[in-house]
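There are 2 protein chains.
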Amino acid sequence: MSRRLPASERRAQLIDVGRAVFAKRGFENASMEEIADRAKVSKPVVYEHFGGKEGLYAVIVDREMDYVVRRIVEAIATGTPRERVEKASLAFLGYVRDQPDGFAVLSQDSPLTSSRGRLSSLLNDLAERVGDVFAANFKDAGYDARAAPIYAHALVGMVTFVGKWWTDVRKPSIEEVARHIGALAWMGLRHLPRKPTLKSRPA
Amino acid sequence: MSRRLPASERRAQLIDVGRAVFAKRGFENASMEEIADRAKVSKPVVYEHFGGKEGLYAVIVDREMDYVVRRIVEAIATGTPRERVEKASLAFLGYVRDQPDGFAVLSQDSPLTSSRGRLSSLLNDLAERVGDVFAANFKDAGYDARAAPIYAHALVGMVTFVGKWWTDVRKPSIEEVARHIGALAWMGLRHLPRKPTLKSRPA
DNA sequence: ACTGCAACCTACTCATGCGTAACTTACGGT
DNA sequence: ACCGTAAGTTACGCATGAGTAGGTTGCAGT
């Protein structure tokens, strides 16, 4: 029975445990008591480290957000536009597969009025960042940049919603799912190939 | 000051008020007290009509779900596949615009373990219904029917996420947004027209 | 061995909010 | 005018859960 962990380790453990509990119950229904119990400590220990429920939640959200964004940014560093769309989808779905708890937390409505916007969605922030990338590309290609947020939100919504569904059914592989999403986003239903590949052209 | 409404009217009023409160606060944070207060009535009245918080919630969700589905089904009754995709988007966005509270309620995670699935999302149920429609069409067109749920969830996720964003910014018009979504879903980013119309071809 | 502090615990306070028991009042039919 | 019932009220019980005050204990360094 390990007792009396050093502060940094306990902190890391509490973040893990907290993420699991927030993922399972959502912010409101998660109780500090359950988090403390699962970590085999008493409540004041959690309060000592994070100040309160919102403090712990904020730390968890911040870390997860950073992590997904990094994964996606790395994935889209190179490649053709079509490849980058599919790689971004794959990167996000990889996150969903590897960190289902983190994804669940980000999927839920945030209680914190983080951005000045009235919208309390974490993934909305992600979509806005994608929107900025799109806006630049749209402008270069001679498209109306004002439409960029629509497409950005559409893409993010697509991937996140499919991700949520995938956590439930867990098949087919995320690689296959990403190919389908890539095909839909790039070629549309009209030119959908029978079996999507990165190189496939309209059937 | 109107007092002592007949049961059916009070019931209707409570459903309206409840929907607004659930939309604003979410199921957990909504309090029966606030609902009662807003309806200028005391708590037991609400309990008399709906049994409890979950009862009221269930009724509201059921009605909203019926309503959106009907709007969509009516919209896709006729037309080419491409038109039907866009009309479905427009129908959903019309619902979002006309019934923002209802949409907000359906967007949130449901506390009720309605379907036997572990997934507690109302909109997921909607996506599954779309998936059934897709599966049939896929089979007829010689596509792998197992991929149908992916596309169904992708489309529903796309529209709902954009809808959520739209409630926040409220521009451009839903007609224009629906044209963009229709273009993306049907032709993909590759063949996106500068200014989408229902009849436009690749630019 | 002994001491100081970091790590941890017990045992509360306080607020919120669901649900209910027991009572009161408006009003339509005779 | 009266009265039965539908409609509504006040005032509570009880559970849950955030946050805290104040005390205890293991361990690292001398």
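For the record, the sequence lines run as chains A and B.
If you're matching positions, the first sequence starts at 501 in our numbering and goes up one per residue.
If you're matching positions, the second sequence starts at 501 in our numbering and goes up one per residue.
For glycine and all other residues, C-beta sits at the position ideal for the given N, C-alpha and C.
Using a 10 angstroms sphere on the CB of Glu-564 of chain A, the tally of other CB atoms reaches 16 or more, which defines it as buried. Taken in chain order, the unbroken stretches of alpha helix (DSSP H) that lie wholly in the stretch 597-672 of chain A and span 4 residues or more are 600-607, 622-641 and 648-669. Interface residue (Cβ-Cβ distance to chain B less than 8 Å): Val-605 of chain A is not classified as such. Note on geometry: alpha-carbon atoms of Ala-652 of chain A and Ser-542 of chain B lie some 46 Å from one another. Excluding the 5 residues flanking it on each side, Leu-612 of chain B has same chain C-beta neighbours closer than 8 Å at Glu-554, Tyr-557, Ala-558, Val-561 and Ser-620, in chain order.
The alpha-carbon of Ala-641 of chain B is positioned some 20 Å away from that of Ala-588 of chain B.
Contact residues of the stretch 557-586 of chain A toward chain B are Pro-581, Arg-582 and Val-585 (C-beta to C-beta distance below 9 Å). Along the length of the stretch 523-601 of chain B, whole alpha helix (DSSP H) runs at least 4 residues long occupy 532-538, 543-550, 553-575 and 581-598, reported in chain order. For Val-545 of chain A, no chain B residue has a C-beta closer than 7 Å to its own C-beta; the minimum C-beta separation is roughly 26 Å.
In the three-state reduction of the DSSP assignment, His-680 of chain A falls in the helix class, which pools H, G and I. By the criterion of at least three beta-carbon pairs nearer than 8 Å, the stretch 521-530 of chain B is not in contact with the stretch 680-687 of chain A.
Measuring C-alpha to C-alpha distances from Asn-624 of chain B to each of B:Ser-610, B:Ala-635, B:Asn-637 and B:Glu-534 identifies B:Ser-610 as the nearest. Closest by C-alpha distance to Leu-514 of chain B, out of B:Ala-530, B:Asp-598 and B:His-549, is B:His-549. Against Gln-608 of chain A, the close residues of chain B are Asp-609, in the order they occur along the chain (beta-carbon pairs closer than 7 Å). Only those residues of the stretch 676-691 of chain A whose C-beta falls short of 9 Å from the nearest C-beta of chain B are listed: Glu-676, Val-677, His-680, Ile-681, Ala-683, Leu-684, Ala-685, Trp-686, Met-687, Gly-688, Leu-689, Arg-690 and His-691. When C-alpha distances from Gly-551 of chain B are compared across B:Arg-538, B:Asp-537, B:Gly-657 and B:Met-532, the shortest belongs to B:Met-532. By the Cβ criterion, the stretch 585-603 of chain B is in contact with the stretch 659-679 of chain B, since at least three pairs of Cβ atoms, one from each stretch, lie closer than 8 Å.
Note on geometry: alpha-carbon atoms of Gly-682 of chain B and Lys-671 of chain A lie some 28 Å from one another. Around the beta carbon of Val-573 of chain A, fewer than 16 other beta carbons sit within 10 angstroms, so the residue counts as exposed. With a contact defined as Cβ atoms closer than 8 Å, Ala-654 of chain B and Met-658 of chain A qualify at about 4 Å. Under the three-state reduction of DSSP output, Leu-505 of chain A falls in the coil class, being neither helix nor strand.
Distances from the CA of Ala-539 of chain B to each of B:Arg-584, B:Leu-505 and B:Asp-632 were compared; the closest alpha carbon is that of B:Leu-505. Judged by DSSP in its simplified three-state form, Arg-694 of chain B adopts coil rather than helix or strand. In this structure Ser-508 of chain B is exposed. Its beta-carbon is surrounded by fewer than 16 other beta-carbon atoms within 10 angstroms.
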